Amino acid sequence: MSKQEIEARIAELKSDYIRVQGDMDKLEANGGNVERAEAQLEKIESELSELKKELRQK
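Per the working numbering, the sequence shown runs over residues 77 to 134.
Here it is as structure tokens:
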């Protein structure tokens with residue numbers, strides 16, 4: 077992946093993270109199950125971490 081592709085993917089993941097976080101807040105407010113949203117956030121955090129490491133090495 078090029079530096080630009082990594083930066084674009086990071087921006088996309090940040091946007092996804094904000095969206096999922098908002099969805100999770102709505103679920104919590106309505107007494108819904110937030111486990112799936114939490115799992116998605118963990119997956120996004122993990123991918124962001126890996127991409128940031130890769131970006132630092134470039």
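For each residue, glycine too, the CB sits at the ideal point set by N, CA and C. Computed from a prediction, not measured in an experiment: that's the story for all the values here.
Counting along the chain, Lys134 sits inside no alpha helix (DSSP H), nor does DSSP assign it H or E at all.
Annotated three-state conformation of Gly107 is coil, per DSSP. About 4 Å separates the beta carbon of Met100 from that of Ala113, a gap short enough to meet the 8 Å contact definition. With a threshold of 16 other beta carbon atoms within 10 Å, Ile94 falls short and is exposed.
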